[in-house]
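Asker:
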Ligand code: FES
Ligand code: FES
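In the numbering used here, the protein residues as written are -12 to 203.
1) Given that a residue counts as buried once 16 or more other Cβ atoms are within 10 Å of its Cβ, and exposed if not, what is residue 170?
2) Assuming residue 168 and residue 110 are in contact, meaning their beta carbons sit under 8 Å apart, how far apart are those beta carbons, in whole angstroms?
3) I need the DSSP call for residue 98, collapsed to helix, strand or coil.
4) Should residue 80 be listed as close to ligand 1, given that the test is whether its C-beta is under 7 Å from any heavy atom?
5) Since residue 107 contacts residue 132 with CB under 8 Å, what's their CB separation in whole angstroms?
6) Rounded to a whole number of angstroms, what is the C-alpha to C-alpha distance between residue 84 and residue 103?
7) Would you call the region 185 to 193 and the region 157 to 164 in contact, with 3 or more CB pairs under 8 Å?
8) Pull the bridge partners of residue 50 from the DSSP assignment, please.
9) To the nearest angstrom, how far is it from the Cα of residue 174 to the Cα of residue 82?
10) Could you give the distance in angstroms between the alpha-carbon of residue 49 and the alpha-carbon of residue 41?
11) Indicate, with yes or no, if ligand 2 has a heavy atom lying under 7 Å from the CB of residue 144.
12) Would you list the residues whose beta-carbon is nearer than 6 Å to any heavy atom of ligand 3, in the order they occur in the chain?
13) Tell me which residue opens and which closes the beta strand (DSSP E) that residue 183 is part of.
14) Do residue 96 and residue 124 have their CB atoms nearer than 8 Å?
15) May I ask you to list the residues that DSSP assigns as paired with residue 157?
16) Would you identify the three-state DSSP class for residue 140, choosing helix, strand or coil?
17) Put residue 145 into one of helix, strand or coil per three-state DSSP.
18) By the 10 Å Cβ neighbour count, where 16 or more other Cβ atoms means buried, how is residue 92 classified, buried or exposed?
19) Does at least one heavy atom of ligand 1 sit under 7 Å from the Cβ of residue 95?
20) Could you give the residue range of the alpha helix (DSSP H) that holds residue 166?
21) Taking 7 Å as the cut-off, is the C-beta of residue 129 nearer than that to any heavy atom in ligand 1?
22) To which residues of the same chain is residue 141 closer than 7 Å at the C-beta, ignoring the five residues directly before and after it?
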């Protein structure tokens, strides 16, 4: 077949490329956009490839690490600061075992660079309570059997603690669906989800979940 002939595969490839290019190119401001013009664009200071120090607040205390720009927050926590509450499981943002709060928002630490949290407040499961003095939420997890192997538990606790913080004084209005949404990124291969939901609702002072088909 002559090279100038349009094949089905060639057409699809061309359309796909055009779509990607079109969606990546910023449209010119035609004055009709709902979005205000971006005015605070700045070029970040260049760092690396050598280790550079980054400081932030970790579980309420100042922390500083000396890491290359490619190092993830999870690596910096576990390997440089010996903070092993956030777990390394998938290392690609799929399981939530590494969840920490960054300025109160649950984030996958494996998907952030350590340098991205410069000046931020990072909270791990270690800040929620201690073995001798469990937080209300941790105690509820124990009462409700909300953990089995425990590998997802630290990330699960951080996501749930962030939800309770977000709801503040209205947390007693929490519903099971809201808790399920909050832990949607936390995978538990032991299937503890209904127990986690019950523990969070009890901690929040919200009505307990209504049992569903197939659940105890
Ligand atoms: S280890 Fe970060 S999401 Fe799985
Ligand atoms: S308790 Fe085992 S993965 Fe959740």
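Yeah, the Cβ is synthetic: ideal placement off N, Cα and C, and Gly gets one too.
Answerer: So, from the listed chains and residues:
1) buried
2) Contact doesn't hold; Cβ gap of about 20 Å is too wide.
3) helix
4) yes
5) The pair is not a contact, with the Cβ atoms about 34 Å apart (cut-off 8 Å).
6) 19 Å
7) yes
8) 43
9) 5 Å
10) 11 Å
11) No, ligand 2 has no heavy atom inside 7 Å of this Cβ.
12) Although ligand 3 was asked about, the structure shown includes only ligand 1 and ligand 2 as ligands.
13) Element bounds for residue 183: not the beta strand (DSSP E) but the alpha helix (DSSP H), 180 to 191.
14) no
15) Beta-bridge pairing links residue 157 to no other residue.
16) helix
17) helix
18) exposed
19) Taking non-hydrogen atoms of ligand 1 into account, the C-beta of residue 95 is found less than 7 Å away from one of them.
20) 163 to 169
21) no
22) So the qualifying residues of the chain are 72, 73, 74, 112.
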